[in-house]
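Note that the sequence shown covers residues -23 to -1, 1 to 162 in mature numbering (1 follows the signal peptide of the UniProt record, and there is no 0).
Note that the Cβ used here is the ideal one computed from N, Cα and C, for glycine as well.
Encoded as structure tokens, the structure appears first; notes follow it.
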Amino acid sequence: MKTLCIGGATLAALTFFSTTVWAQVTPAPAQMPAFAQFTAQKQGKIKGEVLQKGREEQMQLWGFEWEIVSPRDPASGAATGRVQHKGVRLLRKVGAGSVQLFQALVTNENFTVVQLSFFGAPSKGSGAEAMLQSITLNNASLASYRQFEQPGVGLMEELVLTYQKLTITNPETGVSSATESSSRV
């Protein structure tokens, strides 16, 4: 087996009958740089690890997933129930704020605001990095917290957040939309 590191991701190569198959075996930081900033009801701002100017003390994300489902009738396509909020899943390396996040989970402490920022090349302009999307969670809480060892990367954590309100914004266009979760996931 051969290994290769590309952009922080470790790839493994297996050769079968002269065909080489590459598979990612360790996660890399998000392809589109993403950062999180948590403000807890009692603990205040949760400390992050990022030292980059303008993003000080934020947390770098290695993965992000968010899903909302609108149940539909297969025959007519008509809505058949309330929109289901599946929560927001974040993946990051264990760091300065990990103990505070764990504390928020075990004490049922809410986050007044969780700010997620996603960066990349803008659709127009110089090609310099710009914020492509932001997501703000209001009255959020941790539904799940998991730590695990990732070979070649180190200790990682997966967070699943529920929220009362989610606002998604495209800073380039100024367009935003919000949804409220009437019941926790």
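1. Would you check whether the ligand SAM has a heavy atom nearer than 7 Å to the C-beta of valine 90?
2. Considering only residues of the same chain and omitting the five flanking positions on each side of glutamate 26, which have a CB-CB separation below 6 Å?
3. Could you check the C-alpha separation between glutamine 80 and leucine 136 for me, to the nearest Å?
4. Count the other CB atoms within 10 Å of the CB of valine -3; is the residue buried (16 or more) or exposed (fewer)?
5. If you draw a straight line from the alpha carbon of threonine 3 to that of glycine 129, how long is it in whole angstroms?
6. Measure the C-alpha to C-alpha separation of leucine 38 and phenylalanine 125 and round it to an integer number of angstroms.
7. By the 10 Å Cβ neighbour count, where 16 or more other Cβ atoms means buried, how is leucine 138 classified, buried or exposed?
8. DSSP on alanine 81, reduced to helix/strand/coil?
9. By the 10 Å Cβ neighbour count, where 16 or more other Cβ atoms means buried, how is lysine 142 classified, buried or exposed?
10. Can you tell which of Val152, Glu149, Gly151 and Ala117 has its C-alpha closest to the C-alpha of glycine 64?
11. Beta strand (DSSP E) containing glutamate 149: first to last residue?
12. Look at the Cβ atom of phenylalanine 88, then the Cβ atom of glutamine 110, and state whether they are nearer than 8 Å.
13. If you follow the beta strand (DSSP E) that lysine 24 is part of, which residue opens it and which one closes it?
14. Distance check for alanine 13 and glycine -17, CA to CA, integer angstroms please.
15. Going by DSSP, what residues sit across from tryptophan 43 in a beta bridge?
16. Going along the chain, which residues of its own chain have a beta-carbon closer than 8 Å to the beta-carbon of valine 46, five neighbours each way excluded?
17. Is it buried or exposed for valine 76, if we count other Cβ within 10 angstroms and need 16 for buried?
18. Hey, out of Gln20, Asp50, Ser154 and Ile112, whose CA is closest to tryptophan 43's CA?
19. So, for proline 148: in the same chain, excluding its five sequence neighbours on each side, which residues have a beta-carbon less than 7 Å away from its beta-carbon?
On the basis of the data shown:
1. Of ligands this structure carries none, so the ligand SAM is not represented either.
2. Residues of the same chain with a CB within less than 6 Å of the CB of glutamate 26, apart from the 5 flanking positions on each side, are Gly72 and Ala73 in chain order.
3. 13 Å
4. Because valine -3 sits at a pLDDT of 43, beneath the cut-off of 50, its placement in the model cannot be relied upon, and the following sentence gives the value as read from the coordinates. It counts as exposed.
5. In this prediction, threonine 3 has a pLDDT of 48, which is less than 50 and means its spatial position is unreliable; what the coordinates show is noted afterwards. Straight-line Cα distance between these residues: approximately 7 Å.
6. 15 Å
7. With 16 or more other Cβ atoms within 10 Å, it is buried.
8. helix
9. exposed
10. Shortest Cα-Cα distance from glycine 64 to any of Val152, Glu149, Gly151 and Ala117 involves Ala117.
11. Element bounds for glutamate 149: n/a, residue is neither H nor E.
12. no
13. Here lysine 24 belongs to no beta strand (DSSP E), and DSSP marks it neither H nor E.
14. Any reading at glycine -17 must be qualified, since the residue scores a pLDDT of 40, below 50, and its modelled position is unreliable; no value is offered.
15. According to DSSP, tryptophan 43 bridges with Val65.
16. Result list for valine 46: Val60, Gln61 and Lys63, in chain order.
17. exposed
18. Ile112
19. Met108 and Ser111, listed in sequence order.
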